[in-house]
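Novice: My structure is below; once you've seen it, I'll send some questions.
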Amino acid sequence: MNTDLTRLIRLQQLETAADEARRRIADHPARIQALDARLQGARDGLADIKARFATAGEKRRAEEKEVAGVQTRLAKYKDQLLEVKTNREYTAMLHEIETAQNDIRTREDRILEIMMESDELNAGVKKSEGELKAAEKEIAAERSVLDTEMVGLQAEINRTTAEREKLVTDIDRHVLAIFETTAKGRKGIAVAEAKDGLCTICHVRLRPQVFNEVRKNESIIQCDSCRRILYFAGNTEASAPVSQL
Ligand SMILES: [Zn+2]
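So the mapping is simple: my numbering equals the position in the sequence shown, first residue as 1, plus 136.
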């Protein structure tokens, strides 16, 4: 194979790998942010259910206080009942007693409901605490994976940059200029495999005589359509992956 063509294929691999590494590094803050948001969600969930549990406790204590007040009143009514002089007063007092007793029953039912609600909320608090603990552990592990990945990506960029610097000095200046101009206009991809008569990136069919020339891998030939530099690694039946070149 033409040595410049071999070097261009390698150059493209290096640039694509470096671009991918840079893209993942650029994504890093958003991924950390997503982890933080997940953790905050678990914390908010726990705080919310704890607040509801506390509110239920307050409501229960308020009802209990009311019941105690009504019970005091009721005891007073019962004492007064012994002292009434007329039938009318007696009936009125019985009515007061009945009203107070009903009030106590209603409030005691309400207290029972609140207690059941509190039990559920308490179980919810336990569950949320467990979920938060699990989320903290999971997110710490994911953060550590991301941090390790960042170190690896930076190393990848350093490695590809060093190899690139050495490689470009070996490439013919004119050929390198074609590569760089094309890369700039084609989102960084300046080299394309030709396969089964097609440019595999823009999918345009190459003229037969162009494809025949590309198959030889002896010269720098650009796709008529996308202007990428073409190389041949074999047709569908006997193709070698780029990485084996
Ligand atoms: Zn093309």
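Ideal Cβ positions, reconstructed from N, Cα and C, are used throughout, including at glycine. No experiment lies behind these values; they were computed from the predicted model shown.
1) Determine whether the beta carbon atoms of R364 and V327 lie at a separation below 9 angstroms.
2) Can you have a look at A291 and say buried or exposed, based on whether 16 or more other CB atoms are within 10 angstroms of its CB?
3) Report the residue from I275, L289, C362 and Q216 whose alpha carbon sits nearest the alpha carbon of G321.
4) Can the beta-carbon of I275 be found closer than 9 angstroms to that of I314?
5) Just grab the DSSP bridge partners of V327 for me.
6) From what residue to what residue does the alpha helix (DSSP H) around H164 run?
7) Would you mind giving the Cβ-Cβ distance between E265 and L182, rounded to the nearest angstrom? I have them listed as a contact below 8 angstroms.
8) Let's see if you can read the secondary structure: which residues bound the alpha helix (DSSP H) around V340?
9) Are the region 161-179 and the region 213-220 touching by the rule of at least three beta carbon pairs closer than 8 angstroms?
10) In the DSSP output, what is C335 paired with across the bridge?
11) Since T372 and A154 are thought to touch, with beta carbons under 8 angstroms apart, how far apart are those beta carbons, to the nearest angstrom?
Specialist: Straight from the coordinates:
1) In the sequence shown, residue 364 corresponds to position 228, counting from 1. In the sequence shown, residue 327 corresponds to position 191, counting from 1. Closer than 9 angstroms, so yes.
2) Translated into the one-based positions of the sequence shown, residue 291 becomes position 155. Per the 10 Å Cβ criterion, exposed.
3) Within the sequence shown, numbered from 1, the residue matching residue 321 stands at position 185. G321 has its Cα closest to that of C362, out of I275, L289, C362 and Q216.
4) Looking up residue 275 in the sequence shown gives position 139. Looking up residue 314 in the sequence shown gives position 178. No, the pair does not count as a contact, with Cβ atoms beyond the cut-off.
5) One-based indexing of the sequence shown puts residue 327 at position 191. DSSP output for V327 lists I365 as bridge partner(s).
6) The sequence position of residue 164 within the sequence shown is 28, counting from 1. Start and end: T139 to L217.
7) Your numbering for residue 265 matches position 129 in the sequence shown. Your numbering for residue 182 matches position 46 in the sequence shown. 6 angstroms between Cβ atoms; contact.
8) As a working mapping, residue 340 is identified with position 204 in the sequence shown. Looking at the DSSP string, V340 is not in any alpha helix (DSSP H), and its letter there is neither H nor E.
9) no
10) As a first step, residue 335 is located in the sequence shown; it is residue number 199 there, counting from the start. Answer is A330, bridged to C335.
11) On the sequence shown, residue 372 is found 236 positions in, with the first residue counted as 1. On the sequence shown, residue 154 is found 18 positions in, with the first residue counted as 1. Not a contact, Cβ separation roughly 30 angstroms.
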